[in-house]
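> Okay, so the sequence shown: first residue is 0 according to numbering that gives the first Met the number 0, each after it adds one.
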Amino acid sequence: MAPRYKTPADSAVTLAHIMSEHDTNLYGTVHGGVVMKLVDDAAAAAAARHASGPAVTVSVEGMAFLHPAHAGDLLTVHAVVEHAGRTSMDVGVRVTAERWDTPGPATDVVTAHLVFVATGADGRPRPVAELRPASAEDERRHARALRRRALRARQAEAG
Numbered sequence: 000m001a002p003r004y005k006t007p008a009d010s011a012v013t014l015a016h017i018m019s020e021h022d023t024n025l026y027g028t029v030h031g032g033v034v035m036k037l038v039d040d041a042a043a044a045a046a047a048r049h050a051s052g053p054a055v056t057v058s059v060e061g062m063a064f065l066h067p068a069h070a071g072d073l074l075t076v077h078a079v080v081e082h083a084g085r086t087s088m089d090v091g092v093r094v095t096a097e098r099w100d101t102p103g104p105a106t107d108v109v110t111a112h113l114v115f116v117a118t119g120a121d122g123r124p125r126p127v128a129e130l131r132p133a134s135a136e137d138e139r140r141h142a143r144a145l146r147r148r149a150l151r152a153r154q155a156e157a158g
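#1: Could you pull the start and end residues of the alpha helix (DSSP H) that Ala45 belongs to?
#2: Could you pull the start and end residues of the alpha helix (DSSP H) that Glu138 belongs to?
#3: Can His66 and Val108 be called in contact, C-beta distance under 8 Å?
#4: Okay, do the region 86 to 97 and the region 124 to 138 touch, 3+ Cβ pairs below 8 Å being the bar?
#5: At the level of alpha carbons, what is the spacing between Asp39 and Leu113?
#6: Just to confirm before moving on: does the CB-CB distance between Val79 and Leu37 stay below 8 Å?
#7: Please classify Val90 as buried or exposed, where buried requires at least 16 neighbouring CB atoms within 10 angstroms.
#8: Just to confirm the assignment: which complete beta strand (DSSP E) runs, minimum length 3, are found wholly within the region 73 to 126?
#9: Could you pull out every residue in the same chain whose Cβ sits closer than 7 Å to the Cβ of Gly119, ignoring the five residues on either side in sequence?
#10: Taking the alpha carbon of Asp22 as the point to measure from, which residue in Ala54, Ala44, Leu74, Ala11 has its own alpha carbon closest?
#11: Determine the DSSP secondary structure at Ala70, reduced to helix, strand or coil.
#12: Whole angstroms are fine: how far does the CA of Ala157 sit from the CA of Ile223?
#13: Within its chain, find whatever has a CB closer than 6 Å to the CB of Thr13; leave out the 5 residues flanking it on each side and keep chain order.
#14: Using a Cβ-Cβ cut-off of 7 Å (strictly less than) and excluding sequence neighbours within five positions of Glu129, which residues of its own chain qualify?
#15: Indicate whether at least one CB of chain B lies closer than 8 Å to the CB of Pro53.
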């Protein structure tokens with residue numbers, strides 16, 4: 000039986016991937032689509048951990064490309080569930096880049112917010128554990144996720 004509640008740390012995911020020339024475009028920067036796939040992979044893993052099973056992407060609520068990444072950069076993708084509804088989860092993602100072979104400060108590359116729905120064997124939505132923020136930062140993320148959720152509801156209502 001799945002737990003009745005989880006904290007954001009219970010399902011947080013960190014992925015790391017070294018970018019190569021195969022990941023770049025004609026300008027020598029990493030294709031946005033390559034980064035988007037990493038974002039979706041990490042967010043899906045965090046959602047599945049929270050849901051204790053399959054979860055599918057419903058929407059990308061926003062994705063901001065802050066700085067370019069290049070071949071030889073180590074991209075680190077951090078994903079955390081910021082809000083859980085009855086069957087859906089809001090997941091925040093932060094991507095940073097640093098040179099793979101040289102210690103130094105990481106640069107923020109992308110921030111994103113995605114929504115997932117947990118699915119059962121029949122492919123239909125199924126309930127997920129309640130999310131209980133465990134820190135002040137968790138509370139801030141949760142509050143922002145609630146504001147995004149309210150905005151989605153208003154937009155859906157407006158048609």
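Note that the Cβ used here is the ideal one computed from N, Cα and C, for glycine as well. Model, not experiment: these values are computed from the prediction.
According to the structure data:
#1: Taking the sequence shown and counting its residues from 1, the one referred to as residue 45 is at position 46. Start and end: 31 to 50.
#2: Position 139 of the sequence shown holds residue 138. Annotation: the continuous alpha helix (DSSP H) that includes Glu138 extends over 135 to 157.
#3: Looking up residue 66 in the sequence shown gives position 67. Looking up residue 108 in the sequence shown gives position 109. Yes, the pair counts as a contact, with Cβ atoms nearer than the cut-off.
#4: yes
#5: On the sequence shown, position 40 is the one that residue 39 refers to. On the sequence shown, position 114 is the one that residue 113 refers to. Going from the Cα of Asp39 to the Cα of Leu113 covers about 8 Å.
#6: Locating residue 79 in the sequence shown gives position 80, counting from the first residue. Locating residue 37 in the sequence shown gives position 38, counting from the first residue. Their beta carbons are not under 8 Å apart, which means Val79 does not touch Leu37 by this criterion.
#7: Position 91 of the sequence shown, counted from the start, is the residue given in the question as residue 90. Its Cβ being crowded by 16 or more others within 10 Å, Val90 is buried.
#8: 87 to 98, 106 to 117
#9: In the sequence shown, residue 119 corresponds to position 120, counting from 1. Excluding sequence neighbours, Gly119 sits near Arg125.
#10: Residue mapping note: residue 22 aligns to position 23 of the sequence shown, counting from 1. Nearest option by C-alpha distance: Leu74.
#11: Stepping through the sequence shown from its first residue, residue 70 is reached at position 71. In the three-state DSSP reduction, Ala70 falls in the coil class, being neither helix nor strand.
#12: As displayed, the chain neither begins before 0 nor continues past 158, which places residue 223 out of reach and without an answer.
#13: Position 14 of the sequence shown holds residue 13. Beyond the five residues adjoining it in sequence on each side, Thr13 comes within less than 6 Å, by CB distance, of His77 in the same chain, given in chain order.
#14: In the sequence shown, counting from the first residue as 1, residue 129 sits at position 130. The answer, listed in chain order, is Arg3, Tyr4, Ala83.
#15: Annotation note: the requested chain B is absent from the structure, which comprises a single protein chain.
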